[in-house]
Amino acid sequence: MTLEVSDLAVARGGVRVLEGVSFALPPGRALVLRGPNGIGKTTLLRTVAGLQPPLAGTVRSEPETLIYAGHADGIKATLSVAENLSFWAQVFGKSDISQALDAFALAPLADRPAGMLSAGQKRRLGLARLLVTGRRVWLLDEPTVSLDRDAVAMFADAVAAHLAGGGAALLATHIELGLDDATVLDLGPFRARPAELDDFDEAFL
Amino acid sequence: MIALLARDLRLAVRAGGGFGLGLAFFLIVVTLVPFGVGPRTQLLAAIAPGILWLGALLACLLSLDRIFALDWEDGSLDLLATAPLPMEGAVSVKALAHWLTTGLPLVLASPVFALLLSLPAAGYGPMVLSLLLGTPALSVIGTFGAALTVGLKRGGLLLSLLVLPLYMPTLIFGAEMARRGAEGLDYSTPLLMLAGITCGTIALLPFASAAVLRINLR
Amino acid sequence: MNFNALWQYANPKKFIETTDRVLPAISVLAGLCMVAGLIWGFFFTPEDYRQGSTVKIIYLHVPSALMAINIWLMMLVTSLVWIVRRHHVSALAARAAAPIGMVMTVIALVTGAIWGQPMWGTWWAWDPRLTSFLILFLFYLGYIALWSAIENDDTAADLTAILCLVGSVFALLSRYAVNFWNQGLHQGASLSLDREENVADVFWYPLVVTMAGFVLFFVALVILRTQTEIRARRMRALLARERMG
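Residue numbers (this note's numbering), protein chains in the order written: chain A, 55 to 259; chain B, 121 to 338; chain C, 1233 to 1477.
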């Protein structure tokens, strides 16, 4: 169930931002994407998740193994924490949420409406969603935003446990999580070169 | 899919979900019409089927932008798109939830509102039946419109502009059926046409809505 | 005939090069046909024994009505080409054609009203044909509004193409629904392919010339507008490239 990305080119807003991105993510490993703002980390993650088509190249993975967590957590303010989690568990054909609640210390908050949570608590709820889905490969976009130090540690533990259990994670983050099995991929060298200007074709460049 | 339906219904019923807003709007439209055209019972009875249909249509329109906009804002739509749920299924469930929270209450309340407009007694059956048959089409077509405009900042007005022309066949046959019923005429032709439109839209339009939604999520 | 050779014109650059060569000829021909047809129709045809000189408005009314429908059909075809083959020129041509179609619809409606006033004694009636054109106008309006509302060009092209497809089905449905809803007072179509005998030859020939003029005029306009769209699109692409550094 290795996630294989080969010669991937992605575009944001119709402009090619990254090209020639290749990597393989075997089970039990984590890959951290690095690069300045705007280089296309989010775009790359969304492409790998299948939310947008690549300009070129391929993403190969076993079906139904990927789970994406973006900037927004998809939390409904009027539902309780437990209801939010159960919903996603049901969508993914699971039912047990207690483990996820414990992993992110959400059990005391389980019956509280999600709208009453702080930003960090909401983020924890969003990350807990990953655990209830049972998917093997996590695609995480800036997962530690608005988390305090304890929560970051909680998250690092969850990722480590996930990797130990044979899972894999692809992260875009600037924070050191202290993961043993993490490789860092700098996206700088993959920045797309502007095309030649003397002719233009279907891409209008 | 059932989980999604349950969640949408729960969200609609909880505070801030806007449940019942469509019904209130329907009531207001029905109340305003006599002020506009005068209180003569005969005139009201003659236009009652049309007014009821227009009111139901506008009430449906009012809540369309909520179908996807909230899920879009909080990121649920991205997550749903990566979930093991076919987009066509998700879109159909969304339309069903919209019908259950907007269309069905309108159908159930319509006899009361028909009373206000002094609809002839013979017209109640066909009127309710036409709404029952027609409102699912309104929800499904509206879901398509909502999917088209989901990424836009001020999509509300555009949504109406796009959806209202698509509502025309449904409105024509629905209102015609209700009118013929009220006048005691045979209404089997518009009934069949209306049923055909509803079945056709339910069967085919979710594919278009899902395609549009995928494009909007890119 | 090798149809695959046709697709090479889907390259924007090739499209501009080719159309630049034929555009002047088409424009001149369009002008000639329209001027000749309209002068012929207005001044050198007899007055209808029943309708008097009002009948002459058909030289504007019929071609514009014809174009209003056929432009939508052309948009449907180009939208399909875009969805299936992803040729940008096709999507841009649909975009370029829409406002022309809308204007044609308005011309058909306005000339119809001007003609209808002396003939039927009313500017407007909820006749199936008139109503269908009003509905068509609304579809054009929605299509154009959607194009202009979306910033990303490819997204806009995709969404409007699907809207055009779905809209076509519903426009057709509306057409039959409206027919059912109200049997009208509009005369049957003045022309059809087998050309019924309801238009005399004296009126028919100038009408054909005007229609040819309208078609050519539309082709010239669409080419011009598509070229503009291509250049605007290229400009946006270059600006975006500039910003990316």
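We put the CB at the ideal spot given by N, CA and C, even for glycine.
Chain B within 8 Å of residue 1371 of chain C, Cβ atoms only: Answer yes: the Cβ-Cβ gap between residue 1371 of chain C and chain B drops below 8 Å somewhere.
The region 1303-1317 of chain C / the region 1269-1279 of chain C touching (three or more Cβ pairs under 8 Å): No, because fewer than three Cβ pairs between the region 1303-1317 of chain C and the region 1269-1279 of chain C fall closer than 8 Å, the two stretches do not touch.
Residue 77 of chain A - partner residues in DSSP beta bridges: Its beta-bridge partners are A:59.
The region 1336-1345 of chain C touching the region 1377-1389 of chain C, judged by at least three CB pairs closer than 8 Å: By the C-beta criterion, the region 1336-1345 of chain C is judged not to be in contact with the region 1377-1389 of chain C, since fewer than 3 inter-stretch pairs fall below 8 Å.
Which residues DSSP lists as bridging residue 1395 of chain C, in chain order: According to DSSP, which records beta bridges pairwise, residue 1395 of chain C is partnered with nothing at all.
Given 8 Å, three or more beta-carbon pairs between the region 85-100 of chain A and the region 158-167 of chain A: Contact between the region 85-100 of chain A and the region 158-167 of chain A is absent: fewer than 3 CB-CB pairs across the two stretches fall below 8 Å.
Residue-level contact to chain C via CB, residue 272 of chain B, 8 Å cutoff: Under the 8 Å criterion on CB atoms, residue 272 of chain B is classed as interfacial with respect to chain C.
DSSP state of residue 127 of chain A mapped onto helix, strand, coil: Assigned with DSSP and collapsed to three states, residue 127 of chain A falls in coil, not helix or strand.
Length of the line joining the Cα atoms of residue 214 of chain B and residue 311 of chain B: Rounded to whole angstroms, residue 214 of chain B to residue 311 of chain B spans 26 Å at the Cα level.
Beta-bridge partners of residue 122 of chain A, as assigned by DSSP: Per DSSP, A:193.
Range covered by the alpha helix (DSSP H) that runs through residue 320 of chain B: Run containing residue 320 of chain B: 308-337, per the alpha helix (DSSP H) assignment.
Check: residue 1365 of chain C C-beta below 7 Å from any heavy atom of the ligand PLP: In the structure on display, the ligand PLP does not appear, and there are no ligands present to speak of.
Check whether residue 202 of chain B and residue 104 of chain A have beta carbons under 8 Å apart: With respect to residue 104 of chain A, residue 202 of chain B sits close: the two C-beta atoms are nearer than 8 Å.
Residue 153 of chain A versus residue 185 of chain A: straight-line alpha-carbon distance, rounded: Roughly 8 Å between the two C-alpha positions.
Where residue 1424 of chain C falls, given that 16 or more other Cβ within 10 Å makes a residue buried: In this predicted model, residue 1424 of chain C has a pLDDT of only 41, less than 50, meaning its place in the structure is not dependable enough to derive any value.
Residues near residue 1293 of chain C by beta carbon distance below 7 Å, same chain, minus five either side: The beta carbon of residue 1293 of chain C sits closer than 7 Å to those of 1340, 1343, 1344 and 1347, all from its chain and outside the five residues before and after it, given in chain order.
Any C-beta of chain A under 8 Å from that of residue 220 of chain B: No, residue 220 of chain B does not count as interfacial toward chain A.
Interface residues of chain C facing residue 67 of chain A [CB-CB closer than 9 Å]: Those are 1383, 1384 and 1472, listed as they occur along chain C.
Neighbouring residues, chain B, relative to residue 1374 of chain C (Cβ below 9 Å): In chain order: 278, 281, 282, 283, 284, 285 and 286.
Integer-rounded CB distance, given that residue 1297 of chain C should sit under 8 Å from residue 1311 of chain C: About 22 Å separates the two Cβ atoms, so there is no contact after all.
Under 8 Å between C-beta atoms of residue 129 of chain A and residue 140 of chain A: Against a cut-off of 8 Å, the Cβ pair of residue 140 of chain A and residue 129 of chain A comes out as no contact.
Reference residue 1363 of chain C; option with closest CA among C:1330, C:1404, C:1384 and C:1397: Comparing C-alpha distances from residue 1363 of chain C to each of C:1330, C:1404, C:1384 and C:1397 shows the shortest one belongs to C:1404.
Residue 88 of chain A - partner residues in DSSP beta bridges: Beta-bridge pairing links residue 88 of chain A to A:240.
Neighbour flag for residue 1240 of chain C against chain B, beta carbons, 8 Å: Answer no: the Cβ-Cβ gap between residue 1240 of chain C and chain B never drops below 8 Å.
Alpha-carbon to alpha-carbon, residue 282 of chain B and residue 1286 of chain C: The alpha-carbon of residue 1286 of chain C is positioned some 36 Å away from that of residue 282 of chain B.
Segment limits, alpha helix (DSSP H) that includes residue 224 of chain A: Note, residue 224 of chain A: premise wrong, no alpha helix (DSSP H); beta strand (DSSP E) at 222-226.
First and last residue of the uninterrupted beta strand (DSSP E) at residue 111 of chain A: Boundaries of the beta strand (DSSP E) around residue 111 of chain A: 110-114.
Close-in-space but distant-in-sequence residues of the same chain around residue 131 of chain A (CB under 7 Å, 5 per side omitted): Excluding positions up to five away in sequence, the list reads 167, 168 and 169.
Runs of alpha helix (DSSP H) wholly within the region 198-263 of chain B (minimum 4 residues, chain order): Entirely contained in the region 198-263 of chain B, the alpha helix (DSSP H) runs reaching 4 residues are, in chain order, 207-218 and 224-236.
Residues bridged to residue 65 of chain A [DSSP beta-bridge criterion]: Answer is A:70.
Residue of A:79, A:100, A:81 and A:60 minimising C-alpha distance to residue 73 of chain A: Considering only alpha carbons, the answer is A:60.
Whether residue 253 of chain B touches residue 230 of chain B by CB criterion (8 Å): Cβ distance not < 8 Å, so residue 253 of chain B and residue 230 of chain B don't count as in contact.
Alpha-carbon spacing of residue 156 of chain A relative to residue 147 of chain A, whole angstroms: Their backbone Cα atoms lie some 20 Å apart in a straight line.
Beta-carbon proximity check, residue 1290 of chain C vs residue 1459 of chain C, cutoff 8 Å: The Cβ atoms of residue 1290 of chain C and residue 1459 of chain C do not sit closer than 8 Å to each other.
Nearest-angstrom Cβ-Cβ length linking residue 301 of chain B and residue 255 of chain B, presumed shorter than 8 Å: Their Cβ separation, rounded to whole angstroms, is 16 Å, which puts residue 301 of chain B and residue 255 of chain B out of contact at 8 Å.
Span separating the alpha-carbon of residue 318 of chain B from that of residue 1394 of chain C: Between residue 318 of chain B and residue 1394 of chain C, the C-alpha separation is close to 20 Å.
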